[in-house]
């Protein structure tokens, strides 16, 4: 459930996560880790932390 909620919240495509309605990668808004937690009511709450780019900058994959 947490994976599905996280995937639906991400309005981009990245790696194995592809969305027909958002076919491009969006580093400006989505270069971050998604943290999902189920609260006491059983709902999934999402949080985000930035990705630290150290050695290699992310590049677009072309298949």
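Residue numbers (our numbering): -11 to 51. The beta-carbon is built from N, C-alpha and C at its ideal position, and this holds for glycine as well.
Taking C-beta atoms under 8 Å as the contact rule, residue 39 and residue 21 qualify, at a distance of about 6 Å.
Counting only runs of at least 3 residues, the segment 0 to 34 fully encloses the following beta strand (DSSP E) elements, listed from N- to C-terminal order: 20 to 26.
Taking 8 Å as the cut-off, the beta carbon of residue 12 is found no closer than this to the beta carbon of residue 31.
When the beta-carbon positions are compared, residue 19 and residue 35 stay at least 8 Å from each other.
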